[in-house]
Amino acid sequence: MIKKMLISISAMLVLFPTMAFAEDPSSATLNMGLNSLWVMLSAILVLLMQGGFILLETGSTRMKNAGHVAGKTIFTVGLCSLIYWAVGYGVAFGASGNDFFGWGDFLFDPSKVSVDNALPPTIFFLFQLAFAAVSLSIAWGGFAERAKFSVYLIFTILFTALIYPVVAHWIWGGGFLFQDGAQDFAGSTVVHLTGAMAALAGTILLKPRIGKFNKDGSANEILGHNQVFTALSVLILWVGWFGFNAGSTLAIGDGFFGYVAFNTQLGAAGGAVAAMLISWAVLGKTDIGTTLNGALAGLVAITASCAFVDPWAAVVIGLVAGVLVFYSTRFFEKIRIDDPIFALSVHGAAGIWGTLANGIFATEELATKLNTGKGGLIDTGSWDQLWVQLESVAVSGAYAFAVSFIILAVMKKVMGLRVTEEQEIAGLDLSEHGNYGYPEQLKKSSTPNIGA
Amino acid sequence: MTDPGWQQLLHGIAHADDSASLHRLRELVHDRMVARLPLQGTEQFYGELNDAHDAFVQRAIQLAQFELARLGRGVPPVPFAYLLFGSGGRREQTLLSDQDSGIIYADSLSQAEQEKSSQYFTALADRIVQLLLETGYPLCEGNVLSSNPEWCRSLSSWRVKLNGWFQEPAWEAVRYLLIVADSRCVYGETGLHDELKDDFYGDVIRQPIIVKRMLENTMKHKVLLNIFGQLLREQYGEDAGSIDIKYGAYIPMVNAIRLLAIEANLREASTLDRIRSLEKLGLVQPGEAAECIEIFLLFLRLRMMTTEKIENGQYTTNGKLSSSKLSKEMAEKLKNGLKLGKKLQRKVYRHTMSRL
Numbered sequence: 002m003i004k005k006m007l008i009s010i011s012a013m014l015v016l017f018p019t020m021a022f023a024e025d026p027s028s029a030t031l032n033m034g035l036n037s038l039w040v041m042l043s044a045i046l047v048l049l050m051q052g053g054f055i056l057l058e059t060g061s062t063r064m065k066n067a068g069h070v071a072g073k074t075i076f077t078v079g080l081c082s083l084i085y086w087a088v089g090y091g092v093a094f095g096a097s098g099n100d101f102f103g104w105g106d107f108l109f110d111p112s113k114v115s116v117d118n119a120l121p122p123t124i125f126f127l128f129q130l131a132f133a134a135v136s137l138s139i140a141w142g143g144f145a146e147r148a149k150f151s152v153y154l155i156f157t158i159l160f161t162a163l164i165y166p167v168v169a170h171w172i173w174g175g176g177f178l179f180q181d182g183a184q185d186f187a188g189s190t191v192v193h194l195t196g197a198m199a200a201l202a203g204t205i206l207l208k209p210r211i212g213k214f215n216k217d218g219s220a221n222e223i224l225g226h227n228q229v230f231t232a233l234s235v236l237i238l239w240v241g242w243f244g245f246n247a248g249s250t251l252a253i254g255d256g257f258f259g260y261v262a263f264n265t266q267l268g269a270a271g272g273a274v275a276a277m278l279i280s281w282a283v284l285g286k287t288d289i290g291t292t293l294n295g296a297l298a299g300l301v302a303i304t305a306s307c308a309f310v311d312p313w314a315a316v317v318i319g320l321v322a323g324v325l326v327f328y329s330t331r332f333f334e335k336i337r338i339d340d341p342i343f344a345l346s347v348h349g350a351a352g353i354w355g356t357l358a359n360g361i362f363a364t365e366e367l368a369t370k371l372n373t374g375k376g377g378l379i380d381t382g383s384w385d386q387l388w389v390q391l392e393s394v395a396v397s398g399a400y401a402f403a404v405s406f407i408i409l410a411v412m413k414k415v416m417g418l419r420v421t422e423e424q425e426i427a428g429l430d431l432s433e434h435g436n437y438g439y440p441e442q443l444k445k446s447s448t449p450n451i452g453a
Numbered sequence: 057m058t059d060p061g062w063q064q065l066l067h068g069i070a071h072a073d074d075s076a077s078l079h080r081l082r083e084l085v086h087d088r089m090v091a092r093l094p095l096q097g098t099e100q101f102y103g104e105l106n107d108a109h110d111a112f113v114q115r116a117i118q119l120a121q122f123e124l125a126r127l128g129r130g131v132p133p134v135p136f137a138y139l140l141f142g143s144g145g146r147r148e149q150t151l152l153s154d155q156d157s158g159i160i161y162a163d164s165l166s167q168a169e170q171e172k173s174s175q176y177f178t179a180l181a182d183r184i185v186q187l188l189l190e191t192g193y194p195l196c197e198g199n200v201l202s203s204n205p206e207w208c209r210s211l212s213s214w215r216v217k218l219n220g221w222f223q224e225p226a227w228e229a230v231r232y233l234l235i236v237a238d239s240r241c242v243y244g245e246t247g248l249h250d251e252l253k254d255d256f257y258g259d260v261i262r263q264p265i266i267v268k269r270m271l272e273n274t275m276k277h278k279v280l281l282n283i284f285g286q287l288l289r290e291q292y293g294e295d296a297g298s299i300d301i302k303y304g305a306y307i308p309m310v311n312a313i314r315l316l317a318i319e320a321n322l323r324e325a326s327t328l329d330r331i332r333s334l335e336k337l338g339l340v341q342p343g344e345a346a347e348c349i350e351i352f353l354l355f356l357r358l359r360m361m362t363t364e365k366i367e368n369g370q371y372t373t374n375g376k377l378s379s380s381k382l383s384k385e386m387a388e389k390l391k392n393g394l395k396l397g398k399k400l401q402r403k404v405y406r407h408t409m410s411r412l
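Chains S and W supply the protein sequences, listed in that same order.
Residues in the first sequence are numbered from 2 upward in steps of one, following the working numbering.
Residues in the second sequence are numbered from 57 upward in steps of one, following the working numbering.
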């Protein structure tokens with residue numbers, strides 16, 4: 002590769018000797034170029050996390066819904082992109098907004114190149130859009146295997162326009178929580194908790210899947226159809242998370258993004274290991290599903306703090322997240338909330354923990370460097386930051402849940418959320434799309450001859 | 057036995073004319089034992105119950121012999137022993153146990169006579185198993201039944217089989233050897249069974265490696281406690297919250313004691329008898345033996361309380377105790393028992409490994 006480049010450069014120099022004497026780019030331009038490359042790469046990585054969500058959600062659900070579960074993600078990412086471009090971006094980052102929502106930049110028409118060597122707005126948009134799409138895909142965890150396809154259409158529009166960008170504005174777009182000093186580096190609250198709250202509203206209103214709970218309140222295990230997909234999805238998400246977290250530096254700068262990636266790895270590792278060990282200790286057997294959830298919970302939890310804490314704290318945050326996700330899963334099952342993809346535990350419980358952990362473990366040095374809030378309880382001895390974190394998590398969570406619940410409740414009234422029992426039992430591949438995701442594995446039952 | 061009603065029942069079983077009467081008597085036994093469960097000591101309860109089970113098997117064997125005679129097949133050409141395996145062998149059958157059985161018959165001098173014996177006992181075993189099925193004893197799912205030619209053999213053929221198992225201790229052979237270890241002669245010529253057991257123990261002593269394989273086989277059932285000492289309950293499904301008494305408490309204990317007994321060359325099949333003999337030999341300390349007996353009786357008692365389902369008129373159990381039947385006090389006792397069970401497993405493991 003390098004050899005080829007050298008050859009072609011030498012050839013160019015021979016052909017166009019004057020180019021060698023062209024003005025060198027300024028160091029600011031070079032910086033902009035490098036930053037742009039890094040953020041663009043990160044945007045691609047975060048977009049690729051949708052591949053993780055496709056496999057995660059499909060692997061954790063049943064074969065009869067596989068095509069629907071996987072395919073609808075492509076549709077909702079597409080729709081989410083259009084709505085975020087038209088409305089969402091303006092609500093999150095529009096220049097003429099207030100403390101509560103942004104305004105302006107609707108039907109976003111950015112400058113085509115960098116202005117004053119700042120990060121090109123096109124790239125910033127793509128990066129932010131990828132985050133919105135992740136939050137949306139998290140929400141679908143609560144809808145899995147029983148929501149009508151039309152629900153995905155309507156809720157994508159409303160979530161991307163009214164729910165996600167408002168929280169993003171509060172914490173990242175200069176809104177009131179940002180002004181209070183809320184520290185959520187890459188979105189434990191903004192992305193993960195928001196998505197999880199929509200999932201919670203969805204699963205409460207949809208009610209559990211047929212067969213999940215028995216009359217006496219005991220739960221049945223509805224196993225996913227492909228644990229290999231689920232494991233692979235975790236790895237894809239894990240790798241994508243380097244874009245998610247380390248990309249959130251939005252710059253190469255002094256190489257700090259490497260430290261963010263470093264902490265991210267430690268958090269994920271802690272989550273995977275702790276979850277596996279706790280399931281072993283409590284159940285007597287190591288549970289694969291729990292281990293996978295633990296890795297994701299570690300990632301979700303470290304997301305808020307990856308740029309704010311020392312390495313040891315990243316490990317602790319991950320370890321706690323791994324244990325938390327195990328008990329959280331059991332808790333939701335106990336209160337009879339069906340959480341097919343474990344979104345409530347992995348993104349909700351771990352998202353809350355990660356945001357609060359920032360108020361405990363953030364160091365004064367890094368808080369100063371990032372210039373948002375303050376150091377946490379351990380480093381400074383002050384409860385201030387933890388209080389701010391609590392405020393931000395409570396306000397954001399409450400908003401995301403309440404608005405999702407209202408929207409979905411109205412939708413339930415107007416159009417209905419859930420497919421019929423017959424359709425649910427036949428599977429959404431057939432009822433919503435007319436074809437199985439695995440046509441060779443499943444045979445369509447012959448259409449009942451009603452006339453005869 | 058002071059209860060005249062009970063004596064009458066046993067007498068009735070011993071003189072029943074057909075499987076229909078046996079089935080009726082089986083139901084009477086069932087009802088009586090259910091009523092006595094809260095009143096009677098566990099060991100005495102199991103003793104009586106297994107006397108009744110034995111009586112059913114013995115009567116079924118006699119009836120089958122009569123039937124064959126009526127059909128012109130004559131009387132047994134050679135002496136035989138009817139064996140019970142599993143919980144029947146250990147005299148630990150519950151109200152809802154299935155059939156695990158085998159036959160040893162004496163060798164004949166000529167090939168022709170041997171062939172004749174084989175035909176007779178195959179027919180006999182078929183009838184016995186059928187009669188017992190009609191009485192209310194379901195078939196063993198693993199097909200360890202006297203009607204299976206694998207488990208109905210002449211003494212010499214049994215010896216060859218046993219030797220084969222000892223020579224190639226793959227998992228299946230080890231499983232069979234453990235089944236044989238729990239065998240008991242319930243009817244017929246006890247001497248045939250004694251000879252087989254002599255062979256069995258002789259080979260065990262010659263090949264200590266076999267005990268290690270038995271250890272691996274028997275330790276696969278884990279005691280139902282997590283590292284925090286909490287009970288491991290069923291998590292999902294209609295049995296959610298229940299405890300698998302059979303495989304999480306009773307069987308691990310049976311397995312651990314059986315292994316100690318085999319290593320000590322003890323012929324008893326009953327777990328309680330094995331513990332007592334181990335104590336006599338000084339292999340288990342008196343205090344420890346008393347504790348073992350106490351918790352094993354607890355497990356036996358809880359096992360009696362496991363859910364019963366009646367499928368097609370047959371009695372069966374899934375061996376799981378629902379949480380509603382387990383009082384807080386019982387749960388505490390069970391936890392302590394399981395802790396001891398875990399300790400015992402570790403002891404057996406160390407003991408066996410140190411011998412190798």
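Ideal Cβ placement from N, Cα and C applies to all residues, glycine included.
Because the structure is a prediction, the values reported are computed rather than measured.
Identified DSSP bridge partners for residue i
| i | result |
| --- | --- |
| S:Phe-214 | S:Ala-220 |
| W:Cys-208 | W:Ile-159 |
| S:Arg-529 | Any property of residue 529 of chain S remains undetermined from this structure, which presents chain S solely from 2 to 453. |
| W:Trp-221 | Beta-bridge pairing links W:Trp-221 to no other residue. |
| W:Phe-136 | W:Tyr-161 |
| S:Ala-96 | S:Trp-104 |
| W:Ile-299 | W:Leu-377 |
| S:Leu-236 | Paired residue(s): none; S:Leu-236 is not in a bridge. |
| W:Leu-195 | W:Gln-155 |
Amino acids of chain S, ordered along the chain, whose beta-carbon sits closer than 7 Å to that of residue i
| i | result |
| --- | --- |
| W:Tyr-292 | Ala-220, Asn-221, Glu-222 |
| W:Leu-382 | Per Cβ cutoff of 7 Å: no residues; W:Leu-382 is ~15 Å from chain S at best. |
Under 9 Å from the C-beta of residue i: neighbouring residues of chain W
| i | result |
| --- | --- |
| S:Ala-282 | Asn-282, Ile-283, Phe-284 |
Residue burial classification, residue i (beta-carbon count within 10 angstroms, cutoff 16)
| i | result |
| --- | --- |
| S:Ala-399 | exposed |
| S:Thr-448 | The predicted model places S:Thr-448 with a pLDDT of 46, which falls under 50 and marks its position as unreliable; any figure quoted below should be read in that light. Looking at its Cβ environment, which holds fewer than 16 other Cβ atoms inside 10 Å, S:Thr-448 is exposed. |
| W:Ile-117 | buried |
| W:Met-57 | Bear in mind that a pLDDT of 49 at W:Met-57, under 50, signals an unreliable position, so the model cannot answer this. |
| W:Val-131 | exposed |
| S:Ser-112 | exposed |
| W:His-71 | exposed |
| S:Asn-246 | buried |
| W:Lys-302 | buried |
| S:Tyr-85 | buried |
| W:Ala-226 | exposed |
| S:Lys-414 | exposed |
| W:Phe-352 | buried |
| W:Phe-122 | exposed |
| S:Met-277 | buried |
Under 8 Å from the C-beta of residue i: neighbouring residues of chain S
| i | result |
| --- | --- |
| W:Gly-297 | Ser-219 |
Cross-chain neighbours of residue i in chain W, by beta carbon under 7 Å
| i | result |
| --- | --- |
| S:Gly-285 | Lys-278, Asn-282, Leu-288 |
**Message:** So within the region 16-92 of chain S, which uninterrupted beta strand (DSSP E) runs reach at least 3 residues, ignoring any that extend past its ends?
**Reply:** Here no run is fully enclosed.
**Request:** Could you list the residues in the region 348-367 of chain S with a C-beta less than 8 Å from some C-beta on chain W, going in chain order?
**Result:** Going along the region 348-367 of chain S in chain order, one finds no residue with a Cβ nearer than 8 Å to chain W.
**Request:** Just list the beta strand (DSSP E) runs in the region 229-254 of chain W, keeping only unbroken ones of 3 residues or longer that don't cross its boundaries, in chain order.
**Result:** Along the region 229-254 of chain W, the beta strand (DSSP E) occurs as fully enclosed runs of 3 or more residues at 240-244, listed in sequence order.
**Message:** If the cut-off is 7 Å on Cβ atoms, which residues from the region 187-218 of chain S count as contacting chain W, listed in chain order?
**Reply:** Result list: Asn-215.
**Message:** Suppose only complete runs of 4+ residues qualify. What are the alpha helix (DSSP H) ranges in the region 65-128 of chain W, listed by chain order?
**Reply:** You should have 75-92, 98-126.
**Request:** Taking only runs that begin and end inside the region 294-354 of chain W, name each unbroken alpha helix (DSSP H) of 4 or more residues, in chain order.
**Result:** Runs of the alpha helix (DSSP H) inside the region 294-354 of chain W: 307-319, 327-336.
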